[in-house]
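The block underneath contains the structure these notes are about, expressed in structure tokens.
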Amino acid sequence: MKCPKCDLDMSPKTFDNVEVDRCFGCGGIYVDKGEMEQLENKKLSALIDIAGKSEKAEIMDDVEAICRRCDNPMISLRGANDVKFDWCDKCEAMFFDRGELAAMDVVIDDD
Ligand SMILES: [Zn+2]
Ligand SMILES: [Zn+2]
0 MKCPKCDLDM
10 SPKTFDNVEV
20 DRCFGCGGIY
30 VDKGEMEQLE
40 NKKLSALIDI
50 AGKSEKAEIM
60 DDVEAICRRC
70 DNPMISLRGA
80 NDVKFDWCDK
90 CEAMFFDRGE
100 LAAMDVVIDD
110 D
């Protein structure tokens with residue numbers, strides 16, 4: 000599948016039986032509906048996310064995300080820790096820019 004933001008091919012990666020797609024161009028992570036709960040339960044966010052901010056990640060922050068599976072513009076939302084992410088209202092997948100998934104995990108750990 001192509002990256003919602005930079006249009007490069009994403010690589011499927013499996014972490015503890017949860018498969019996510021990660022983009023090596025911008026470091027973004029595409030999470031299918033239902034997978035997010037598993038990531039949170041297993042506390043995999045920090046493992047999956049490539050920690051740290053890159054110059055490109057900040058540029059990509061302003062780029063509109065398009066779900067390549069549905070060809071649908073994704074909606075910008077705010078989640079835990081006021082982290083911005085993109086959500087597809089058709090397949091309910093989520094897309095996180097580099098660093099965003101790990102940033103949300105901070106709050107989960109504090110629970
Ligand atoms: Zn990308
Ligand atoms: Zn979609």
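Quick note on numbering: the sequence shown equals residues 0 to 110 in numbering that gives the first Met the number 0. For every residue, glycine included, the Cβ atom is placed at its ideal position computed from N, Cα and C. Since we're looking at a predicted model, the values are computed, not measured.
- Taking the Cα of I74 as reference, the smallest distance to any Cα among A102, K89, R68 and T13 is reached at K89.
- Following the DSSP letters along the chain, one finds E18 inside the beta strand (DSSP E) bounded by residues V17 to C22.
- For L38, there is no enclosing beta strand (DSSP E); the enclosing alpha helix (DSSP H) covers residues E34 to N40.
- Rounded to whole angstroms, the gap between the alpha carbons of A64 and G24 is 14 Å.
- At a threshold of 6 Å, C22 does not count as near ligand 2, since its beta carbon sits no closer than that to any of the ligand's heavy atoms.
- Nearest in C-alpha terms to M0, of all of F14, D15 and C22, is C22.
- Proximity to ligand 2 was defined by a C-beta distance below 6 Å to any of its heavy atoms, and the residues meeting it, in sequence along the chain, are C66, R68, C69, N71, C87, K89, C90 and A92.
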